[in-house]
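Residue numbers (this note's numbering): 9 to 84. The beta carbon of each residue, even a glycine, is placed where N, CA and C say it ideally should be.
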Amino acid sequence: MAGNTQMNENERGVMALHGLTGGIIATVLLLSIVGILTFLSITVQADNATNYYQINQDLHALKMNSPENMNHRTMK
Numbered sequence: 009m010a011g012n013t014q015m016n017e018n019e020r021g022v023m024a025l026h027g028l029t030g031g032i033i034a035t036v037l038l039l040s041i042v043g044i045l046t047f048l049s050i051t052v053q054a055d056n057a058t059n060y061y062q063i064n065q066d067l068h069a070l071k072m073n074s075p076e077n078m079n080h081r082t083m084k
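Printed below as a string of structure tokens:
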């Protein structure tokens, strides 16, 4: 019988990776990835919150959409 869908007691997949254990592993893995990415984003934001730049020359020398504007600022 190729279409037999009955299982014996020793063939249950409750603790197989596609069962309960697999669901727990997938949940823990996804939550750990979210936690790591959240931690990294908070540290990057905290580092760059005090790393602002200031314009060190005349504001009238700036041109709209010019790559030369990069020369008019300094990083703190």
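Measure the alpha-carbon distance for residue i versus residue j and round it to whole angstroms.
i, j, result
"E76", "I50", "32 Å"
"N73", "Y60", "20 Å"
"I154", "L38", "Only positions 9 to 84 of the chain appear in this structure, which leaves residue 154 out of reach."
"Q53", "S40", "20 Å"
"V36", "H26", "15 Å"
Only counting the same chain, and skipping five residues up and downstream in sequence, which positions put a Cβ closer than 6 Å to that of residue i?
i, result
"T46", "none"
Under a CB-based cut-off of 7 Å, is residue i close to chain D?
i, result
"I50", "Of the protein chains in the structure, only one exists, and it is not chain D."
In chain order, what residues of the same chain have a beta carbon less than 7 Å from the beta carbon of residue i, not counting five sequence neighbours either side?
i, result
"V42", "none"
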